[in-house]
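Offset between the sequence shown (1-based) and the numbering used here: plus 1053.
No residue lacks a Cβ here, since even glycine has one placed at the ideal position from N, Cα and C.
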Amino acid sequence: MPVHKVRPDISVLNDSLEVPGIGHLPVNSFVLHASQPVVIDTGLGLPDRNFLELVASVLDPVDVRWIWLTHPDRDHTGGIFDLLAAAPEARVVTTFLSVGYLSCERPLPLDRLYLINPGQTLDVGDRTLMGFRPPLFDNPGTVGFFDDRSGACFSSDCFGGPMPSAELARADDVSAVGEEDLRAAQLLWATVDSPWVQNVDAQKFVGSFQPLREREPELILSTHLPPAPGITGAMIDRLGSAAGAPAFVGPDQAALEQMLAGFEPSGGGHQPAPGTPG
């Protein structure tokens, strides 16, 4: 899994997943090298991933002071308990709803929580992080943030888009993606990840981007997109058109059976689905 610095004080911990029929979805976590270091989300929980090892490639985990969990979906929480064990002074920054969500499976330790709501701030020593609700989200506990020192916006799932290839999903800069491909990817992801967008009032939805317009972050860091410097305005305009877009309709049982039939070897017999042991 590639790791790179998008800014001197921000490391991108990149991963990706191939989603059949959609593309290669980036799954990024980040390390903010503040005077009180912050890890933003904790990656996939798949057996072949070692998130703690990935963090250790850029920062001694014992030095982590904050783990900002933008929301509790599984592609954001894979390494959270391993990281909490390795970083005894770290606290989890998240919302009341996210804590409740996680308590259905494995509760977070309450004495290590720091609850935050949109509009509230967190002082991490050399900078202030301000929480905000991204305009697009798939979980009601979502809170991204603005970093007043680096000028970056950590937008959680918002602005994401599946890439045409694994190489592009691992790109250091979204400018590697063609403009039309990027537009199609982001509008597709808007309807996949936030299906409610088809029912919103268009004017109110466009208004929900106002905090981003006011802040004018120079860099957008989304979980599901390569880093996007210098194009915030264009991306806001693009996603603003998603209101009322038709809902994404996924494959049904007939399509699944057709895919499974494609896995059958020509000579007959059983062949495991990709990614499963033989």
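Exercise. What do you get for Ala1287, buried or exposed, if any count of 16 or more other CB atoms within 10 angstroms of its CB means buried?
Worked result: The residue given as residue 1287 occupies position 234 in the sequence shown. Label assigned to Ala1287: exposed.
Exercise. Whole-angstrom Cβ separation of Tyr1154 and Pro1125, contact assumed at under 8 Å?
Worked result: Here the question's residue 1154 lines up with position 101 in the sequence shown. Here the question's residue 1125 lines up with position 72 in the sequence shown. 4 Å between Cβ atoms; contact.
For this session: Could you tell me whether the Cβ atoms of Glu1271 and Gly1204 are closer together than 8 Å?
Result: Looking up residue 1271 in the sequence shown gives position 218. Looking up residue 1204 in the sequence shown gives position 151. Closer than 8 Å, so yes.
Exercise. Based on the DSSP output, what are the partners of Glu1142 in its beta bridges?
Worked result: What you label residue 1142 is simply residue 89 of the sequence shown in a count that begins at 1. Looking at the DSSP assignment, Glu1142 forms no beta bridge with any residue, so it has no partner.
Exercise. Can you tell me whether Val1091 is buried or exposed, with buried defined as 16 or more other CB within 10 angstroms of its CB?
Worked result: Here the question's residue 1091 lines up with position 38 in the sequence shown. That one is buried.
Problem set entry | Separation of Val1146 from Gly1194, as counted between CA atoms | The sequence position of residue 1194 within the sequence shown is 141, counting from 1. The sequence position of residue 1146 within the sequence shown is 93, counting from 1. If you take the alpha carbons of Gly1194 and Val1146, they lie about 12 Å apart.
For this session: Hey, could you find the ends of the alpha helix (DSSP H) Ala1287 is sitting in?
Result: The sequence position of residue 1287 within the sequence shown is 234, counting from 1. First-last of the alpha helix (DSSP H) with Ala1287: 1285-1293.
Exercise. What number of angstroms, rounded off, separates the C-alpha of Ile1289 from the C-alpha of Thr1174?
Worked result: As a working mapping, residue 1289 is identified with position 236 in the sequence shown. As a working mapping, residue 1174 is identified with position 121 in the sequence shown. Going by the C-alpha atoms only, they are around 23 Å apart.
Exercise. With burial defined as no fewer than 16 other Cβ atoms inside 10 Å of the residue's Cβ, what is the status of Asp1068: buried or exposed?
Worked result: Translated into the one-based positions of the sequence shown, residue 1068 becomes position 15. So Asp1068 ends up on the buried side.
Problem set entry | Met1054, DSSP secondary structure in three states | As a first step, residue 1054 must be located in the sequence shown, where it is residue number 1. Three-state result, Met1054: coil.
Problem set entry | As assigned by DSSP and simplified to three states, the class of Arg1268 | Reading the sequence shown from its first residue, position 215 is the one you call residue 1268. It is helical.
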